[in-house]
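Asks: Here the working numbering runs 327 ahead of the position in the sequence shown, where the first position is 1. Got a structure for you, questions after.
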Amino acid sequence: MKVHHLNCGTMRPPGGFTLVCHCLLLETPRGLCLVDTGFGRGEAAFGALPGYYRRLVRPALAQEESAHHQVTALGHDPRDVRDIVVTHLDVDHAGGLRDFPWARVHLHAAEHAAATRPARPADRNRYRARQWEHGVDWMTYDDRGGDTLFGLSAIRPLHDLPGLALIPLAGHSRGHSGVAVDTGDGWLLHAGDAYWFHGEVAPRPHCPLALSLTQRLIADDHRARTENLSRLRDLPAEVRLFSAHDPHELDLALT
Ligand SMILES: [Zn+2]
328 MKVHHLNCGT
338 MRPPGGFTLV
348 CHCLLLETPR
358 GLCLVDTGFG
368 RGEAAFGALP
378 GYYRRLVRPA
388 LAQEESAHHQ
398 VTALGHDPRD
408 VRDIVVTHLD
418 VDHAGGLRDF
428 PWARVHLHAA
438 EHAAATRPAR
448 PADRNRYRAR
458 QWEHGVDWMT
468 YDDRGGDTLF
478 GLSAIRPLHD
488 LPGLALIPLA
498 GHSRGHSGVA
508 VDTGDGWLLH
518 AGDAYWFHGE
528 VAPRPHCPLA
538 LSLTQRLIAD
548 DHRARTENLS
558 RLRDLPAEVR
568 LFSAHDPHEL
578 DLALT
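Here it is, written out as structure tokens:
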């Protein structure tokens, strides 16, 4: 399976940090599949993000960083993106869903419920329904099957996506999941927002205080997040692990 690593959204929050939206474009037998979408073209074109978000996160919103633009630049027809697997539905991961309205969107059932039927104020504030108001063909999954991968619970197969699995990693959001990809040349694990900084999964874990505090502050369930983070530290070395926002991990994947 051919795998492209893309940055679909640079962010420069206060403190001198640069964060990316590390997405995957997979060339599968069924067609193209995106893992996360980053910010979409609409956010860039219409400045639709709330003012507080733009001030705190400072997304670049560059058209050329959109997944739609990059799929085209790689010589593909965006209509060939038949499937999108999302780690969760925050705007920096699902902002591009509207750019591929024909694609099926695969995700954990708990994330779908939290975002589309928000029962708590925190969920009503967190998610932006306009990202899916075009009508999405959702494919939802729960983790009652008892399967495992690399010692982590796993949901597989995903419909028509052999070689892909959702790895439930709740904590950052209610149904947050990693996405495992069997490339034919080893496994990748896109851990989404299970962590933000590569030092968090290092043998001696460390993280800049501002990133650590922010993750704690915005976590849906801090304890679940730290438990899952410790499970990720125990992954076998042959699994190529990376998270959504660390530019260092993206650089490593691109070399
Ligand atoms: Zn994120």
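All C-beta atoms, glycine included, are put in the ideal place defined by N, C-alpha and C. Please read these numbers as outputs of a predicted model, since none were measured by experiment.
Do the CB positions of Asp407 and Gly358 come within less than 8 Å of each other?
Replies: Their beta carbons are under 8 Å apart, which means Asp407 touches Gly358 by this criterion.
Asks: Cβ of Ala580 within 7 Å of any heavy atom in ligand 1?
Replies: Every heavy atom of ligand 1 is 7 Å or more from the Cβ of Ala580, so no.
Asks: Hey, would you say the C-beta of His349 is under 7 Å away from at least one heavy atom of ligand 1?
Replies: No, since every heavy atom of ligand 1 falls outside the 7 Å radius drawn around the Cβ of His349.
Asks: Between the segment 516–531 and the segment 569–581, do three or more beta carbon pairs fall short of 8 Å?
Replies: Cβ pair count under 8 Å is three or more, so yes.
Asks: Could you check where the alpha helix (DSSP H) with Tyr379 kicks off and where it finishes?
Replies: Counting along the chain, the alpha helix (DSSP H) containing Tyr379 begins and ends at 378–384.
Asks: Let me check one thing: in DSSP terms, what residues is Gly358 bridge-paired to?
Replies: Beta-bridge pairing links Gly358 to Thr355.
Asks: For a quick check, are the C-beta atoms of Val330 and Val412 less than 8 Å apart?
Replies: No; because the gap between Cβ atoms is not below 8 Å, this pair is not in contact.
Asks: Taking its Cβ as the centre, do 16 or more other Cβ atoms sit within 10 Å of Arg457, making it buried, or is it exposed?
Replies: The residue in question, Arg457, is exposed, as its Cβ has fewer than 16 Cβ neighbours within 10 Å.
Asks: Select from Leu388, Gly342, His420 the residue whose C-alpha is nearest the C-alpha of Leu351.
Replies: Checked all of Leu388, Gly342, His420; the closest Cα to Leu351 is His420.
Asks: Are Ala497 and Asp548 closer than 8 Å when you measure CB to CB?
Replies: Against a cut-off of 8 Å, the Cβ pair of Asp548 and Ala497 comes out as a contact.
Asks: Give the DSSP-derived three-state secondary structure of Asp474 in the structure shown.
Replies: The answer is coil: DSSP assigns Asp474 none of H, G, I, E or B.
Asks: Could you work out which residue in Thr337, Pro356, Pro341, Leu540 is closest to Tyr379 when comparing CA atoms only?
Replies: Closest by alpha carbon: Pro341.
Asks: Assuming contact is defined by CB atoms lying nearer than 8 Å, are Ala441 and Gly502 in contact in what I supplied?
Replies: A contact, by the Cβ cut-off of 8 Å.
Asks: Is the separation between the beta-carbon of Asp464 and that of Arg425 shorter than 8 Å?
Replies: In this structure, Arg425 does not lie closer than 8 Å to Asp464 by Cβ.
Asks: Anyone know if the C-beta pair for Glu370 and Gly402 falls short of 8 Å?
Replies: In this structure, Gly402 does not lie closer than 8 Å to Glu370 by Cβ.
Asks: Check whether the Cβ atoms of His517 and Thr414 sit closer than 8 Å, and answer yes or no.
Replies: Yes, Cβ-Cβ distance for His517 and Thr414 is below 8 Å.
Asks: Within 10 angstroms of its Cβ, does Asp410 collect 16 or more other Cβ (buried), or is it exposed?
Replies: Classification of Asp410: buried, given that the 10 Å Cβ count is 16 or more.
Asks: By Cβ distance below 6 Å, which residues in the same chain neighbour His575 in space, the five residues on each side in sequence not counted?
Replies: Excluding residues within five positions, the ones whose Cβ falls inside 6 Å are His525.
Asks: Just to confirm, is the Cβ distance from Cys348 to Gly336 under 8 Å?
Replies: Going by C-beta atoms, Cys348 is nearer than 8 Å to Gly336.
Asks: Can the beta-carbon of Asn334 be found less than 8 Å from the beta-carbon of Leu577?
Replies: Their beta carbons are under 8 Å apart, which means Asn334 touches Leu577 by this criterion.
Asks: Going by beta carbon distance, what residues of the same chain come within less than 6 Å of Arg339, once the five residues before and after it are set aside?
Replies: So the list reads Thr345, Arg385, once near-sequence residues are dropped.
Asks: Is any heavy atom in ligand 1 found nearer than 7 Å to the beta carbon of His420?
Replies: Under cutoff, so the answer is yes.
Asks: List the residues that DSSP assigns as beta-bridge partners of Ser570.
Replies: DSSP output for Ser570 lists no bridge partner at all.
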